[in-house]
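Residue numbers (the numbering used here): 254 to 614.
Beta carbons are placed, not taken as given, at the ideal position from N, Cα and C, and that holds for glycine.
Before any comments, here is the structure.
Laid out in structure tokens, this is it:
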């Protein structure tokens with residue numbers, strides 16, 4: 254196992270700065286995901302670690318060794334791509350064996366490694382098949398097998414499940430999680446799918462505009478986002494964001510007014526906060542519930558999902574509000590309902606999007 258350290262990584266394409274001052278320390282054996290919107294720099298950062306792109310400045314260390322200018326083959330990494338990158342004319346056996354053959358490994362060792370890898374990935378009965386005869390999930394397992402067979406120090410995954418349907422993605426998440434537990438290798442995973450990141454990762458780096466906005470454990474990102482961007486990006490349905498005004502600030506709480514309600518939120522206001530400041534109240538949909546009074550809203554759409562119901566509403570003050578309600582909840586489109594906020598779970602964000610530090614979960 255090898256850790257990965259990135260120090261002051263910058264990347265420019267001409268005058269466009271894709272990555273800015275990236276500092277990141279990934280522990281040996283850790284599973285880390287990079288998430289962020291399109292264009293945030295997550296795939297570029299992965300390619301820099303792999304050696305497929307050179308940083309404009311900064312240093313990369315893998316297992317303590319400086320590999321900033323090293324060739325990809327000399328970094329001890331293996332990459333799994335979105336499009337599988339399998340050779341269609343080769344069998345599964347030949348595809349998995351290919352990296353070892355390029356290293357001129359002995360035939361006996363190749364055969365042993367291929368069969369060992371196929372057993373790990375449950376591909377023993379597919380070794381003679383060509384990729385065209387495999388399902389999408391099996392093709393992805395072959396691509397992963399071609400990485401495993403090299404015994405890399407670090408696995409790099411570039412959106413490996415995005416071409417699969419929902420049920421296969423769920424199955425492959427379990428398989429990759431099992432693989433990580435079995436191999437205990439360092440894995441870095443790029444994805445647009447926050448469910449993948451939240452369910453598989455030890456820690457997640459949220460990128461925004463070429464910078465790491467927050468690097469933390471999944472539930473820490475969910476419960477203690479450092480900014481409005483992270484709060485809005487992590488969680489589905491997304492956190493509700495409502496305009497509010499600061500009424501008072503105590504040592505471990507603030508009073509604010511939102512939608513005509515006076516609420517007490519367990520957060521610590523920064524020294525710069527002043528009574529009367531415009532803020533944003535963040536409240537997750539699961540902490541918004543139907544009630545006899547509270548915030549008046551009109552129903553835009555109801556999504557009945559079985560175990561829970563998603564109610565999309567507009568408040569009478571013109572703000573969007575989503576509630577995630579356990580079980581069945583029926584309401585006609587356009588009907589008026591009242592929704593209650595649980596202020597214990599509220600978040601507050603300054604005008605520039607910085608989160609007030611929470612003093613309770």
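(message) Classify residue 289: buried if its beta carbon has 16 or more other beta carbons within 10 angstroms, exposed otherwise.
(response) Here residue 289 corresponds to residue number 36 of the chain shown, with the count starting at 1. Buried is the call here.
(request) Could you say if the region 301 to 312 and the region 327 to 344 meet the contact criterion of at least three C-beta pairs nearer than 8 Å? (result) yes
(request) Taking only runs that begin and end inside the region 399 to 450, name each unbroken alpha helix (DSSP H) of 4 or more residues, in chain order. (result) 419 to 436
(request) Report the residue ranges of all alpha helix (DSSP H) runs contained in full by the region 442 to 500; include only those spanning at least 4 residues, in chain order. (result) 447 to 453, 471 to 476, 481 to 486
(request) Tell me, please, whether the region 385 to 405 touches the region 307 to 316 by the rule of three or more beta-carbon pairs shorter than 8 Å. (result) no
(message) Rounded to the nearest angstrom, what separates residue 501 and residue 526 at their Cα positions?
(response) What you label residue 501 is simply residue 248 of the chain shown in a count that begins at 1. What you label residue 526 is simply residue 273 of the chain shown in a count that begins at 1. Those two C-alpha atoms are separated by around 10 Å.
(message) Spatial neighbours of residue 458 within its chain, please: C-beta separation below 6 Å, excluding the five flanking residues on both sides.
(response) Locating residue 458 in the chain shown gives position 205, where the first residue counts as 1. 287, 465, 468.
(request) Just mark residue 427 as buried or exposed, buried being the case when its beta carbon has 16 or more other beta carbons within 10 Å. (result) If you number the chain shown from 1, residue 427 lands on position 174. Exposed.
(request) Might you give, ordered along the chain, the residues of its own chain that have their beta carbon closer than 7 Å to the beta carbon of residue 425, omitting 5 neighbours on each side? (result) Taking the chain shown and counting its residues from 1, one reaches residue 425 at position 172. Same-chain partners within the cutoff: 390, 393, 414, 417.
(request) Determine, using beta carbons only, whether residue 484 and residue 478 come nearer to each other than 8 Å. (result) In the chain shown, the residue the question calls residue 484 occupies position 231. In the chain shown, the residue the question calls residue 478 occupies position 225. Yes, they are a contact pair.
(request) Return helix, strand or coil for residue 296, following the three-state DSSP convention. (result) Here residue 296 corresponds to residue number 43 of the chain shown, with the count starting at 1. It is helical.
(message) As an exercise, report each continuous alpha helix (DSSP H) stretch of at least 4 residues that is fully enclosed by the region 322 to 403, in chain order.
(response) 345 to 355, 360 to 373, 389 to 401
(message) Relative to the C-alpha of residue 565, which candidate in 588, 545, 611, 546 has its C-alpha closest?
(response) The sequence position of residue 565 within the chain shown is 312, counting from 1. Here the closest residue by C-alpha is 588.
(request) Tell me whether residue 554 is buried or exposed, calling it buried when 16 or more other Cβ atoms sit within 10 Å of its Cβ. (result) Locating residue 554 in the chain shown gives position 301, counting from the first residue. By the neighbour-count rule (16 or more Cβ atoms within 10 Å), residue 554 is not buried but exposed.
(message) Between which residues of its own chain and residue 586 is the CB-CB distance below 6 Å, once the five residues before and five after are set aside?
(response) For the purposes of this step, residue 586 is taken as residue 333 along the chain shown, with counting starting at 1. Hits under 6 Å: 552.
(request) Identify which residue in 388, 503, 347, 546 has its Cα closest to the Cα of residue 512. (result) The residue given as residue 512 occupies position 259 in the chain shown. Selected option, being the one with the closest Cα: 546.
(request) Could you please give me the residues that DSSP links to residue 593 through a beta bridge? (result) Sequence index remark: in the chain shown, residue 593 carries index 340 (1-based). Answer is 542, bridged to residue 593.
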